[in-house]
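Counting from 1, one number per residue, gives the positions in the sequence shown under the working numbering.
In this text, a Cβ means the ideal position worked out from N, Cα and C, and glycines have one as well.
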Amino acid sequence: MPMQSVEHLIPIIQTAVGPVILISGLGLLLLTMTNRLGRIIDRSRSLSCELDSPDACISERVSLEIDILWSRARMIRIAIMLASFSCLFSSLLVIVLFLSPLVALDLPLLLSFLFISSMVCLICSLVFFLLDVNRTLMALKIELESHKDRHCS
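So, in structure tokens, the structure goes:
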């Protein structure tokens, strides 16, 4: 009898490999996003020292950059949250894949819901990540224009 149980477990393990690999990839994505968030926070702290500058142009530029950094931080926070939900749904998917034969339940709707939810959260997370990259370029443009104006004056 134990041999039969192992034989039934092998297809489940094969099916669970996909979500487990996704969880691994999501871990790397989350690492990247949290590093970006840390850099945003560090940059905001360093710029905040320049807000009290007597030069109105510098204060205005710094204020614009900090506003962009704030919106980037919010986008990255949402991206991290969505990637975390994707990881959570994938983890639940693996658990349900293993539990369904043990309790003799056929749960195709639940399995489908968990997988689709994981993919939707991943897609939305990547969209917010791309929006953050775009905002980064806006901040860079402001900084480069500031340097260009200082050198031309």
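- Between the C-alpha atoms of Cys87 and Leu131 there is a straight-line separation of about 21 Å.
- When the beta-carbon positions are compared, Arg43 and Leu69 come within less than 8 Å of each other.
- The DSSP-derived three-state label of Ala56 is helix.
- In the same chain as Arg61, and ignoring 5 residues on each side of it, the C-beta atoms closer than 7 Å to its own belong to Ile142 and Ser146, in chain order.
- Rounded to the nearest whole angstrom, the C-alpha separation of Glu50 and Met81 is 31 Å.
- The C-alpha of Leu105 is placed about 34 Å away from the C-alpha of Leu28.
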